[in-house]
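Heads up: the sequence shown begins at 1 in full-length UniProt numbering, then just goes up one per residue.
Note that beta-carbon positions come from the ideal geometry of N, C-alpha and C, so glycine has one too.
A quick note: this is a predicted structure, and the numbers were derived from the prediction, not measured.
Since the structure comes first, as structure tokens, the remarks are kept for the end.
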Amino acid sequence: MVETNWKDALKSEQTFNDFITGYFKDHKELTGDYETSSYYEYYTVRLDSKDGLIITLTTGVSPAVNAGAATIPFKDVEKLSVEQFRQLILNKKFADMHTSLADVFKTVAGVPGVTE
């Protein structure tokens, strides 16, 4: 049986791998964003059978800050194994019982404004 609570799944490498695999089988990708009046950040996370978790992050400066001048967004792609992601979560020690998996991705990725 696949664990349905990510915090309980963290207890075992295999259980967490099964949880993440099941999550992405149902959701295909996880998306999120963070915006202020001067900065924006968009991310997507997907699971690849060969490369593990693939996190695509696009960041940039909002046009209003540049007085209408066009800016070129910065795009970064990171690859992370499911076990590396589990270890990041374990080392950050998420204590909040109400933290969602999306919140965990945001915090691990260092998205501003996310409380730990």
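Among Y23, T59, T15, E83, which has the Cα closest to the Cα of I72? Working through the sequence shown from its first residue, we reach residue 72 at position 72. Nearest option by C-alpha distance: T59.
Quick test of the definition: if touching needs 3 or more C-beta pairs under 8 Å, does the stretch 16-23 touch the stretch 38-46? Flag = no, the stretch 16-23 and the stretch 38-46 do not touch.
Which partner residues does K79 have in the DSSP bridge list? Along the sequence shown, one-based indexing puts residue 79 at 79. According to DSSP, which records beta bridges pairwise, K79 is partnered with I54.
Taking its Cβ as the centre, do 16 or more other Cβ atoms sit within 10 Å of F85, making it buried, or is it exposed? Position 85 of the sequence shown holds residue 85. Burial call: buried.
Cβ shell of F24 (< 7 Å), same chain only, five flanking positions each side left out: Residue 24 sits at position 24 when you count from the first residue of the sequence shown. So the qualifying residues of the chain are R46, L47.
Can you tell me which of S49, S37, K75, I55 puts its alpha carbon nearest to the alpha carbon of G22? Working through the sequence shown from its first residue, we reach residue 22 at position 22. Out of S49, S37, K75, I55, S49 has the C-alpha closest to the C-alpha of G22.
Quick one: grab the DSSP three-state call for L30. The count along the sequence shown starts at 1 and reaches residue 30 at position 30. Correct three-state label for L30: strand.
Could you name the residues of the same chain whose beta carbon sits closer than 8 Å to that of K28, not counting the 5 residues immediately before and after it, in chain order? Residue mapping note: residue 28 aligns to position 28 of the sequence shown, counting from 1. Excluding positions up to five away in sequence, the list reads R46.
Separation of Q87 from N5, as counted between CA atoms: Position 5 of the sequence shown, counted from the start, is the residue given in the question as residue 5. Position 87 of the sequence shown, counted from the start, is the residue given in the question as residue 87. For N5 and Q87, the distance between alpha carbons rounds to 17 Å.
Length of the line joining the Cα atoms of K11 and P63: Locating residue 11 in the sequence shown gives position 11, where the first residue counts as 1. Locating residue 63 in the sequence shown gives position 63, where the first residue counts as 1. Going from the Cα of K11 to the Cα of P63 covers about 44 Å.
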